[in-house]
Each structure stands twice: as structure tokens, then as C-alpha cells.
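Novice: Below is a structure I'd like to ask you about.
Number of protein chains: 2
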Amino acid sequence: MAVSQTNSAWATLVDLGEPGRGRHRLNDRLAAGLRTAIRDGRLVEGAALPPSRALAEELGCSRWVVTEAYGQLVAEGYLAARVGSATRVSWSPEALPPRPSTPRAAAPPPVRYDLAPGLPDLRAFPRRRWAEAVRAVTGSAVHYDLGLPDPAGHARLRTTVAQYLRRSRGADAQPAAVTVCAGVTDGLVRTCRTLRAEGVTDLAVEDPGWGRLRDAAASTGLRVHPVPVDADGLRVDDLARTPARAVVVAAAHQFPAGAVLSPDRRARLVRWAREKDGFVIEDDYDAEFRYDRHPVAVMQGMAPGRVFLLGSVSKTLSPALGLGWLVAPPALAPALRAANPVATAPPVLDQLALATFIERGWYDAHLRAARRRFRSRRDLLLDTLATRLPQARVDGTAAGLHVLLHLPPGTDAREAVRAAAAAGLRLTDLDGYRMTPSADRALVLGYGNIADTEIPRAVDLLAEALSGHADAAP
Amino acid sequence: MAVSQTNSAWATLVDLGEPGRGRHRLNDRLAAGLRTAIRDGRLVEGAALPPSRALAEELGCSRWVVTEAYGQLVAEGYLAARVGSATRVSWSPEALPPRPSTPRAAAPPPVRYDLAPGLPDLRAFPRRRWAEAVRAVTGSAVHYDLGLPDPAGHARLRTTVAQYLRRSRGADAQPAAVTVCAGVTDGLVRTCRTLRAEGVTDLAVEDPGWGRLRDAAASTGLRVHPVPVDADGLRVDDLARTPARAVVVAAAHQFPAGAVLSPDRRARLVRWAREKDGFVIEDDYDAEFRYDRHPVAVMQGMAPGRVFLLGSVSKTLSPALGLGWLVAPPALAPALRAANPVATAPPVLDQLALATFIERGWYDAHLRAARRRFRSRRDLLLDTLATRLPQARVDGTAAGLHVLLHLPPGTDAREAVRAAAAAGLRLTDLDGYRMTPSADRALVLGYGNIADTEIPRAVDLLAEALSGHADAAP
């Protein structure tokens, strides 16, 4: 079916625009115009194009421009040229059946006060020093560092992280046992794949806990079993009620319950792993932030052959950096590689920048400053809550970046979160982290990413949301 | 079982070192010394520690130092303290059964001349401009850009990449259809998971082709079927012999065969996808580098509802950057998100840096310079091969970063690769990319990462390796 076009129609159809317009050459513009016309159905399959000389004349360009454009579209499959015949359109777009479209969620109200957990102080990100570290390594990296990266991470960062974990976290880590990854979730996925290859089929997780970790474990095909948490952390004896041979535990500071795993349970958990020939996956979540005492060393040091240690800079520097580490039992290093054949390390220049940042002492300095800032901010938040919300009880060790606010019986926590969000205050409901329902009502308040000066107003908004009079706020 | 230590033994055991040595406080050093002694079995479970006053006297420190150290190790589970009784070691390390260790591969000989395919010119990485782009965005990013990243990528880079692909690659891409990922492998994994969720079970791949892409597809549970490649690219009609409903194709420049998919086959491939209600995954591998003509536009523009487009900066800037993109059919955007619940985007500052790099025109400038460099390097390589290896035939379109060198019948390609490696020349054997054996013997020579001045010597070494006299080289 040939469709003829009047001469004037061609100029309109392909819209070459003004001569010299834009960066593209005339033949590219002509090819683009014809391509678009074919794609959107204005030029239908079988349509004959004018001879190149005729089109060139009409468009006021050289014949070369037209033959180049035709040749390009022949190479791309949109046009077909046969000797002694007109060049014709050889392509027609597909009319796909419309799919039911997902309704777009309404835009959430703007966040003015952020008490959602899981973030460090983004305003305090050490921009100057980070940029300096990147600048230094971009200049100094040898050129083969810019080639295919080692999937386990750059040797320099593996060494630096191993030293850091030995020195600051009491880990038993040699560089060969360290894998650089994109964060705790990535590290958990790699660990779970390795455990699956080792015959593990069932994994225990803390309840309540991070849903993202559950999702990551489940995405590898492991069956996930909740185990409750109390004031001493994970209820280790309850592991026996599950078929799990491995468990994910935030020993230093549980999220969201805020408990620290008791000394007795630490020892019992490692014994459990030994007896089951099992494994502990230690999520060293926000362990750097302990305000009442020295941070407790990682469990990994007690049983490096049984414990996978996961950590990252997401809660200390920024989750946008996408940098973390995994320390695996040395005997499982070959299994870890084999189970993750296409896993890649984070960008090499970022890895080298983090190594530089740690080696120059900037990471320790940042942590010291952050610890001071968070300790005083936590005190301010607790004082403000005690004054303005005396009926609510705060729970959790003096550590980390969040507190748990227990609500009086009968409070509708979900409604409070909704009312607070409407007033510009973001926080979360403990129920959102639970796998097993509970009558206990509580809110999780993160104080990492809120300015000290915003706390009084944020707590006022929270009090109003809880009293059911959020809308009466000025 | 209590083990008593003589007084002098304690000072040796915990090795506090010189006063004021190192950055750590005395109590931390004492805790670390005791922890290590327990871990390595020098202090056994049940052993009684000296009363704090006695140990302090022996070590010449304050009693506070000892009680702090004991308290730390009690919290960590290494020691147990009971009122009215000595503090005792409550932990013993596990003697794990030794695992059969993987024999370490001998270190490969050093690479002096690199003709392995897959790398751009690492010496030409635009270090100064990249560092400037990172510096600019690290200073200018708003603080919430440093929070939890959008798993589909930062909106600014998605917009910039969509514009770039429309302008330079003839793609039909809106920002919402673009997902930023770590590279082509990552993009393929996400695509395969999505196709699995859409009911696809079988995937066709080009044979020969990149093993890493096959591994990535297989890791998602898809069955992978080889389809042969000839001088016109993928043999589209052979798809019907497989149960595949999707296919991965490097239409612009096949690796390693070097063919460009013919116009006729482009159209037939998309028609195949329509008829099967199937999908094409277009790996836009090194498509920027075409030396004989204008690069051909992506197939994705012909059928945006059927084609996934994968690209990255690994072959244009550096694989160490870990930055790529995936353009998915708009109707599958919800499925793509749902099938990749824990996938993360690359580090945000890198994403913003790439957006800046493209927006300032630095990417186009880099590509223009690279195209000129690779074109003349390819000519030099072909000339040198023609002079010094007249019996070998070179194949492949004037494009990309590699050529295929067909060897005379009877040549032992594997032995030639081994001999070349022993002489410091890295290259690869076509057989390494094949799923189906073939009698054709060929080498894949990548010229991205070799200096022009190294080419004559590299070809000499290759000639020697092929003649079986590599060791006679000076």
C-alpha cells in the first residue's frame, strides 16, 4: 500500500527546522524526522518516499543529505531500497493492547520535621573531606584500577576495613575475609545465597525488625521465621522452636526495639550456632553510637568461623554512598564467591575514597563528632517528650539513632502517624516492623536527621497528633 | 576448671605496651589484650582473673582501668562476674574442623601488552573532568539527596540519560522508563527477573557471546539457549528452534563475532517478538564506536513496548565507575519494580556526577576523541597484522573495540594464547565465548586498552606465539 505525499507535506512531515539550528547535521535531522514519522504512524508501511533528487529540491538541501538519511534508515530497518524501485517504508509500529495502569499514589504531604528512623544527620555529611578524598584518589589511582573491578572489593579498602573492624569493633577480620559491598542489604543477599549453597533452607529474623532484611533474605529463596525480641534482645531459646539453622541479629542495638543483646545471650547464641552447625549473621547496625558506655565489640570476634558480620557507612555517613562490608568465615570464602557469580563491588573510586577517608582519620573524627551530637540530641528529645508527653514511656538503651515511644493502651498509633504526616511530621508505627501482631502500641522516633532546634516543635506536633487535635495546630 | 596465672604472666599475657603508646586508652588496651588471650585459647574457659586491685597493682595502672576492662568483656560475653566470687572466663573458642582448602592458583605472568577485549582506553579516562563533576555535585547536592536513594535512580540522571539516548541513540525513552543500574550485567539481572515474573522461562543468547551475560541470566532461574551468529548477526530464524520467548542481542556490534545485525534481521527480530508476545533485550555494547558510518540507532526505538535497552559507561569511560542504564517497556515499569524489591541504585553522588558530565558536553567530547583514537588504532592494528601475519584473516565491521583474527586451519588457538601470556601478551581465544564447539579457530583481539606504540611489539609477540617459537623472542 503506497501512500503518496504532496510535496509541501514532506517539509512539514520531517520538520528540518531552520538551517544551522541545533547541533545536528542536516542529514541527521532528516533521518530523525523520517524515523519519528514512521514510528508514530504518519508514514505507514509500504509508503514510497520521493526520489532523493526530488526531496532534496523540495527541502532545499543537497542530494547527499537525502541519500545519507535514507541510507541510515535502511541500515536501521525502517526503510527498504530496491534497485529500480522507489525507497519504501518497511516498518510499522505495533499497537500494543493497553495494560491496566497502576493508579498513581497521591503525592505525600511535604516533610517538615523528620523523625523517621534509619538516617544519620544528612546536614552533617562531611562534604568537603569526602570531595577531597575522591579528588585525591581520582588523581592518584593507577590506570588499571580503572579496569574491571575485583568483585570482592579493592584490596586497599579490604585491608583498611579489616584494620578498622579489628581496632574499633573488636572483630577477628583479615583482609581476605572482607568483601566490599553496597550495604547491609547487599551483604545479606550475598550471605543468604552462600548459606543456601551450604544447605541452609531456613533463616530466623528478629521480630520486630527491618522488613527490608526479611525481603532480602526471602528474595534468595530462604524461608524466614520470626523470633521475638525482649529487653535483653533476641530470645535465643526461642530459636529452637524454628527449623532455622541461621539467624540475623542486631546484637549491638536492636532495631526497632532498642535492646542490646545481653552477655549471657551472646554466648548462648554462638553455642546455638555450634550445636546446630549453623551460622549467625550479625548486623552491626548503628553500633558506633553508644552513649552510656564504650561500644560492645562484635560477636563475630567470638566465633569468626560461625558469624557473618555486616556493616556499612549508611548510618554513619550517608546511605547515598552505597558502601558497606561483609566479613565471612574464612572457610566459606570460596562458597561466597561461587554463590555470587555476577555480584559486583561498588565503584572503585568510591572504594578508594573511603579507604582514604578512614586512613586519614576523618572517619574516626566524624564518628566522635556524631556521637557527641546524637547523645545531646537524644537527651533533648527525651527531656522534651517527658515534659510534653508525660503519659508516654520511652524505651531502649542509650544508643543508636532512634527511641521507642510506648503509647497508653487504646491509642491508635496508625492514626497518630497519619495525623502527624498531615501536619508535616514524619515518624513510624512499631506495628510496621512486626511480623506477629501485638497489643503493645508504640512509635519509632528516629532523631538522626532532625535539627536540634526542630525538636520542640516536632514533639508539639506529635502531642497534637496523639491527642486527636492535630488539625487544631497553628 | 580454674587456671591460675603467676603475677608476672599477666603483664606478658595482656601486653599493655608502653604508657601512652598508640591512640587507645589503657582500659581499651587491657580489654583488647584479655579478649585476644581468650580468643586464641591462652586464657581458657573457667579461668579466674585476679581481683581488680591486684591486677591494677601489677600492671601499674589505676583500679578503674581494670574494672572498666572487666566490665567491657562481661558485656561482650567473654567474662562472667558473680558477687562474692572471682571474675572468670566464660568463653572458649571453637575448634572448627578444617575444611579442604581450595588450592591457590599460581599468580599469572605479568601483562605487558593487553589485547584482551572489553576495556576502553584506561589511560585516557578523563580524570580531571570526572573529579570536577564529583566535586561540583558533592558541594551542590541538597541534603536529602544524601538520604535513602531512589532504587530506580536519581531523577536528574534518569532525565539526562533519556535525553542522551533519544538524541544520540535514536531511542524512544522517557525518564520514567529509565532505571539507573550498575552496568549491563546488573540491568540484565533486573530484566530477567522481570521477565520471569511475566511468565518467561526460556531465554535465547548469541553464540558465541559474553559468558557473563549467560551467567547473569541463568542466575535468575531462566533457561538459556544458544542461537548462532553469522556475518549478518544473530540468525533470527533459528530462534524458532528454541522455546525462548526472549532474546539478548548486541544488534549494533556483536561480541565477539563483530557483526552488525542486518536491516532485514532487525525488522524480523522485532516481528518475532510480536508474534511470540515476547521480548528483545538489546545490549547496546560499544555502539558508540562506529568508524565506517554514523552509528545505527537502537532497535528499542522501533518497538519500545517489546525491547529492553541496556547500556553503560563501562566501554566508553571505565568499568570501575559501575554506572549503567536500563530502558524498559513503560507498561512493565511496575513489574520491574516488583521483581527487584531489594535492588539499589549506584551511589547518588556518582549518578549526579555522570549527569553533570553529560550535561556539560564532556561525555560527547570524550566520545568524539575516543572514536578518533580507536579508529586510527584499529587501522594501525589491521595494517600491522596484514604485514606480519599475512596468513591470518581479520573479520568484523569497522566498529567497537575488538577484531576477530581467524587462524589458518590446524592452528592450536589455546596453545597460542598460553604462549602469548607467557611472553606478557594478553588476548583471548574465540572458543572461550562459545557454547557450541566449532572447527573455526580464531583469536579475539581487543585494542581498547593498548597504547598505539605497543602494537608492533604486541603483534610480533603474537606472531611468535602462533609460530610456536614464542620463547625464542628477545
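Going down the list, the protein sequences come from chains A and B. The opening position of the first sequence corresponds to residue 789 in my numbering, with each subsequent residue numbered one higher. The opening position of the second sequence corresponds to residue 789 in my numbering, with each subsequent residue numbered one higher. All residues carry an ideal CB built from backbone N, CA and C; glycine is no exception. Values in this document were obtained by computation on a predicted structure and should not be read as measured data.
1. Give every residue of the same chain whose Cβ lies closer than 8 angstroms to the Cβ of A/ASP1138, excluding the five residues on either side of it in the sequence, and list them in chain order.
2. Is the Cβ-Cβ distance between B/ASP909 and B/GLY1188 less than 8 angstroms?
3. Among all the DSSP beta bridges, which residues are the ones paired with B/GLU1070?
4. Looking only at its own chain, which residues have a Cβ that is under 6 angstroms from the Cβ of B/ARG1229, when we skip the five neighbours before and after it?
5. B/VAL802 and B/ALA835 - do their beta-carbons sit closer together than 8 angstroms?
6. Going by Cα to Cα distance, which pick from B/LEU1027, B/VAL993, B/ALA1034 and B/LEU907 is closest to A/ASP933?
7. Which residues does DSSP list as the beta-bridge partners of B/GLU994?
8. Between A/ASP816 and the rest of its own chain, which residues show a CB-CB distance below 7 angstroms, the 5 nearest in sequence each way excluded?
9. Enumerate in chain order the residues of its own chain whose CB-to-CB distance from B/ALA929 is below 8 angstroms, with the five nearest sequence positions on each side excluded.
10. State the CB to CB distance for the pair B/PRO914 and B/TRP1150, rounded to an integer number of angstroms; the pair is presumed to be in contact (CB under 8 angstroms).
11. Of all Cβ atoms in chain A, is any one closer than 8 angstroms to the Cβ of B/SER1264?
12. What are the boundary residues of the alpha helix (DSSP H) that B/ALA1204 is part of?
13. Less than 8 angstroms between CB atoms is the rule here; does B/ALA1045 satisfy it with respect to chain A?
14. Taking buried to mean at least 16 other C-beta atoms within 10 Å of its own C-beta, is B/PRO1044 buried or exposed?
15. Using 8 angstroms for Cβ pairs, my map puts B/ALA1208 next to B/LEU1169. What's the rounded Cβ distance?
16. Just to confirm before moving on: does the CB-CB distance between B/VAL925 and B/ARG946 stay below 8 angstroms?
17. Going by C-alpha distance, which of A/PRO1092, A/ARG1206 and A/GLY1089 is nearest A/PRO897?
18. Starting from A/LEU907, trace the alpha helix (DSSP H) both ways and give me its first and last residue.
19. Pop quiz: A/GLN1088 and A/ALA959 are said to be a contact at Cβ under 8 angstroms. What is the actual Cβ separation, rounded to whole angstroms?
20. Taking CB distances under 8 angstroms as the criterion, tell me whether A/MET789 reaches chain B.
21. How many Å lie between B/VAL1037 and B/VAL993 at the Cα?
22. Let's see if you can read the secondary structure: which residues bound the beta strand (DSSP E) around B/CYS969?
23. Is it the case that the Cβ atoms of A/THR948 and A/GLU1147 are separated by a distance below 8 angstroms?
24. Is the beta carbon of A/GLY1093 sitting closer than 8 angstroms to the one on B/GLU882?
25. Please state if the CB of A/ALA912 and the CB of A/ALA1158 are separated by a distance shorter than 8 angstroms.
26. Tell me which residues of the region 861-884 of chain B have at least one Cβ-Cβ distance to chain A shorter than 8 angstroms, keeping chain order.
27. At 4 residues or longer, what runs of the alpha helix (DSSP H) sit wholly inside the region 847-873 of chain A?
28. Find the residues of chain B that neighbour A/TRP798, judging by a C-beta separation of less than 8 angstroms, and give them in chain order.
29. Anything in the region 908-924 of chain B with a Cβ closer than 7 angstroms to a Cβ of chain A? List those residues in chain order, please.
30. Would B/MET1223 pass as an interface residue toward chain D - the criterion being a Cβ-Cβ separation below 8 angstroms?
31. Could you confirm whether any beta carbon from chain A is found closer than 8 angstroms to the beta carbon of B/LEU814?
32. Measure the C-alpha to C-alpha separation of B/VAL977 and B/ASP1026 and round it to an integer number of angstroms.
33. Near B/VAL899, which residues of its chain fall below 6 angstroms by C-beta distance, leaving aside the five closest residues on each side in sequence?
34. Using only the alpha-carbon positions, how far apart do B/ASP1240 and B/ILE1069 sit?
35. Could you tell me the distance, in whole angstroms, from the CA atom of A/LEU843 to the CA atom of A/TRP798?
36. Got a sec: which bits of the region 831-846 of chain B sit with their beta carbon under 8 angstroms from any beta carbon on chain A, in order along the chain?
Specialist: Well, looking at it:
1. The residues are VAL922, LEU1109, GLY1110 and LEU1111.
2. Taking 8 angstroms as the Cβ cut-off, B/ASP909 and B/GLY1188 do not qualify as a contacting pair.
3. Beta-bridge pairing links B/GLU1070 to B/VAL1037 and B/LEU1097.
4. Listed in chain order, the non-local C-beta contacts of B/ARG1229 below 6 angstroms within the same chain comprise LEU1195, THR1199 and ALA1201, local neighbours out to five positions each way being set aside.
5. No.
6. Of the listed residues, the one whose Cα sits closest to A/ASP933 is B/LEU907.
7. According to DSSP, which records beta bridges pairwise, B/GLU994 is partnered with B/VAL1015.
8. Take A/ASP816, set aside five residues on each side of it, and no residue of its chain has a beta-carbon closer than 7 angstroms to its own.
9. Its chain contains VAL1136, LEU1137 and LEU1140 as the residues whose beta carbon lies nearer than 8 angstroms to that of B/ALA929, once the 5 sequence neighbours on both sides are disregarded; these appear in chain order.
10. The C-beta separation of B/PRO914 from B/TRP1150 comes to about 7 angstroms, placing the pair in contact by the 8 angstroms criterion.
11. Residue 1264 of chain B falls outside the range modelled here, since chain B spans only 789 to 1262, and no answer is possible.
12. From DSSP, the alpha helix (DSSP H) with B/ALA1204 extends over 1201-1210.
13. By this cut-off, B/ALA1045 is not an interface position.
14. Buried: at least 16 other Cβ atoms inside 10 Å.
15. Going by Cβ atoms, the distance from B/ALA1208 to B/LEU1169 rounds to 15 angstroms, so no, they are not a contact pair.
16. Not closer than 8 angstroms, so no.
17. That would be A/ARG1206, whose Cα lies nearest to the Cα of A/PRO897.
18. DSSP places A/LEU907 outside any alpha helix (DSSP H), giving it a letter other than H or E.
19. Rounded, the Cβ-Cβ distance is 5 angstroms, consistent with contact.
20. Reliability of the predicted coordinates at A/MET789 is poor, the pLDDT of 38 falling under 50, and no value is obtained from them.
21. Cα-Cα distance, rounded: 7 angstroms.
22. If you look at B/CYS969, you'll find it in the beta strand (DSSP E) that goes 966-969.
23. With respect to A/GLU1147, A/THR948 sits close: the two C-beta atoms are nearer than 8 angstroms.
24. A/GLY1093 places its beta carbon less than 8 angstroms from that of B/GLU882.
25. Less than 8 angstroms divides the Cβ of A/ALA1158 from the Cβ of A/ALA912.
26. For the region 861-884 of chain B, the set of positions with a beta-carbon nearer than 8 angstroms to some beta-carbon of chain A reads VAL862, ALA863, GLU864, GLY865, TYR866, ALA868, SER878, TRP879, PRO881, GLU882 and LEU884 in chain order.
27. For secondary structure counted as the alpha helix (DSSP H) over 4 or more consecutive residues, the region 847-873 of chain A holds these complete runs in sequence order: 851-864.
28. Neighbours of A/TRP798 in chain B, taken as residues whose beta carbon is under 8 angstroms from its own, are absent, since the nearest beta carbon is some 20 angstroms off.
29. Listed in sequence order: LEU910, ARG911, PHE913, ARG915, TRP918, ALA919, VAL922 and ARG923.
30. No chain D appears in this structure, whose protein chains are A and B.
31. For B/LEU814, the answer is no, since every Cβ of chain A falls outside 8 angstroms of its Cβ.
32. Whole-angstrom Cα-Cα distance: 24 angstroms.
33. These residues qualify, in order along the chain: ARG1214.
34. Cα to Cα, B/ASP1240 sits roughly 35 angstroms from B/ILE1069.
35. It is roughly 8 angstroms from the alpha-carbon of A/LEU843 to the alpha-carbon of A/TRP798.
36. Of all residues in the region 831-846 of chain B, none has a Cβ within less than 8 angstroms of some Cβ in chain A.
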